[in-house]
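Student:
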Amino acid sequence: MKAGKKCYEEKEAVEIILQIAQALDHASKRGLVHRDIKPANIVMTSDGIAKLADLGMARENTDEATNAREKGMIIGTPNYIAPEQVQGKPDIDTRADIYSLGGTLYHMVTGQPPFVGNTVMEVLRMHEKAELVPPDHLNDSLSAGLGEVVEMMMAKDRNNRYGSPEALIKDLECLINDMPPKLARQKMSSSLAALSEGETEYEQTHEAELPQWVMITLAVLGTLLFISLLANIVLVMRK
Numbered sequence: 551m552k553a554g555k556k557c558y559e560e561k562e563a564v565e566i567i568l569q570i571a572q573a574l575d576h577a578s579k580r581g582l583v584h585r586d587i588k589p590a591n592i593v594m595t596s597d598g599i600a601k602l603a604d605l606g607m608a609r610e611n612t613d614e615a616t617n618a619r620e621k622g623m624i625i626g627t628p629n630y631i632a633p634e635q636v637q638g639k640p641d642i643d644t645r646a647d648i649y650s651l652g653g654t655l656y657h658m659v660t661g662q663p664p665f666v667g668n669t670v671m672e673v674l675r676m677h678e679k680a681e682l683v684p685p686d687h688l689n690d691s692l693s694a695g696l697g698e699v700v701e702m703m704m705a706k707d708r709n710n711r712y713g714s715p716e717a718l719i720k721d722l723e724c725l726i727n728d729m730p731p732k733l734a735r736q737k738m739s740s741s742l743a744a745l746s747e748g749e750t751e752y753e754q755t756h757e758a759e760l761p762q763w764v765m766i767t768l769a770v771l772g773t774l775l776f777i778s779l780l781a782n783i784v785l786v787m788r789k
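Each position in the sequence shown, counted from 1, maps to that position plus 550 in our numbering.
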């Protein structure tokens with residue numbers, strides 16, 4: 551599948567990504583990580599079936615010898631690589647494939663990779679640090695649900711992504727059936743609740759601290775006022 555400027559219709563793109571997610575689920579349950587998911591490695595058959603190709607970088611995620619040998623190495627395609635691959639982490643698992651698949655879906659529905667930079671190193675750093683522009687900001691025909699799924703697939707912290715292809719498949723099927731993605735929406739709601747809770751704690755903490763600061767300030771001002779009055783009294787007595 552060529553990654554040109556063409557934007558796929560949302561449902562067509564999701565159906566293709568769903569088939570690849572099913573292939574990843576099959577591989578994941580056998581302990582395999584592809585490590586190079588990208589549009590060029592998705593092949594469409596004559597009857598419209600999506601196949602995942604090029605297993606040249608694939609390996610078992612329990613291969614400790616390979617883990618040790620490849621520690622610190624950046625393995626993957628820059629436009630779609632997961633942050634932990636950029637960091638050269640040895641314990642790459644299926645969540646890296648989910649990130650790259652999210653980048654592929656992003657490209658399919660927006661016509662461009664998730665991050666665009668002037669150099670390869672700039673793109674790699676953007677995967678690590680830059681905020682993802684929601685796909686529906688680049689293509690306003692996309693649903694909010696698709697944006698939520700892509701953002702969860704491409705979370706910087708792999709612990710915030712779908713934990714398995716099987717979980718991702720459930721949300722992709724929701725999109726195909728014109729339903730909101732349950733897991734992505736739950737994740738977003740949890741994140742918003744945590745953010746709100748953090749803000750409330752901050753406000754309560756600072757509200758509790760405020761009277762103490764006020765009391766200290768008043769005490770200092772009171773002391774200064776007392777000293778000033780005492781000095782005036784002494785001055786009057788001397789006169």
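A virtual CB, placed ideally from N, CA and C, is assigned to each residue, including glycine.
Do E560 and S693 count as a contact pair if the criterion is CB distance below 8 Å?
Tutor: For S693 and E560, yes; Cβs fall inside 8 Å.
Student: Which residues share a DSSP beta bridge with E610?
Tutor: Partner(s): L582.
Student: Use the C-beta contact count for H584: other C-beta atoms within 10 angstroms, 16 or more gives buried, fewer gives exposed.
Tutor: Label assigned to H584: buried.
Student: State the start and end residues of the unbroken beta strand (DSSP E) segment that holds L602.
Tutor: Start and end: 600 to 602.
Student: Buried or exposed for S578, going by 16 or more other Cβ atoms inside 10 Å?
Tutor: Looking at its Cβ environment, which holds 16 or more other Cβ atoms inside 10 Å, S578 is buried.
Student: Apply the 10 Å Cβ neighbour rule to D597 and answer buried if 16 or more other Cβ atoms are within range, or exposed otherwise.
Tutor: Counting Cβ neighbours within 10 Å, D597 comes out exposed, since fewer than 16 surround it.
Student: Look at the alpha carbon of E698 and the alpha carbon of H657, and state the distance between them as a whole number of angstroms.
Tutor: Approximately 15 Å, taken between the alpha carbons.
Student: So what does DSSP say about V499, is it helix, strand or coil?
Tutor: In the structure as shown, the chain begins at 551 and stops at 789. Residue 499 is therefore absent and cannot be evaluated.
Student: In its own chain, which residues sit with a C-beta less than 8 Å from the C-beta of I719, not counting the 5 before and 5 after it?
Tutor: For I719, where only same-chain residues beyond five positions count, the Cβ hits under 8 Å are L568, A571, Q572, D575.
Student: Excluding the 5 residues flanking A563 on each side, which residues of the same chain have their C-beta closer than 8 Å to its C-beta?
Tutor: Correct list, in chain order: L655, M658, V659.
Student: Using the three-state DSSP reduction, which class does M623 fall into: helix, strand or coil?
Tutor: Coil, per DSSP.
Student: With a Cβ-Cβ cutoff of 8 Å, do P527 and L688 count as a contact?
Tutor: With the chain covering only 551 through 789, there is no way to say anything about residue 527.
Student: Which residue from A618, I642, K601 puts its Cα closest to that of A608?
Tutor: With distances taken between Cα atoms, A608 lies closest to I642.
Student: Between V636, R619, V700, which has its C-alpha nearest G519's C-alpha?
Tutor: The requested residue 519 does not occur in the structure, where the chain is confined to residues 551 to 789.
Student: So if DSSP puts V593 in a beta bridge, which residue, or which two residues, is it bridged to?
Tutor: BP columns for V593 point to K601.
Student: Among S740, E614, I592, which residue has its Cα nearest to the Cα of M551?
Tutor: The residue with the shortest Cα to Cα distance from M551 is I592.
Student: Assuming the contact rule is C-beta atoms closer than 8 Å, G653 and Y630 should be a hit. Round their C-beta distance to whole Å, please.
Tutor: Yes, they are in contact, since the Cβ atoms of G653 and Y630 sit about 4 Å apart, within 8 Å.
Student: What are the complete alpha helix (DSSP H) segments, minimum 4 residues, inside the region 713 to 744?
Tutor: Counting only runs of 4 or more, we get 715 to 726.
Student: Given a cut-off of 8 Å on the beta-carbon distance, is the pair E701 and P684 in contact?
Tutor: In this structure, P684 lies closer than 8 Å to E701 by Cβ.
Student: Among the residues of its own chain, which have a CB less than 7 Å from the CB of D586, if the five just before and after it don't count?
Tutor: So the qualifying residues of the chain are D604, M607, G626, T627.
Student: Might you give, ordered along the chain, the residues of its own chain that have their beta carbon closer than 7 Å to the beta carbon of T644, omitting 5 neighbours on each side?
Tutor: L574, S578, V583, S714, P715.
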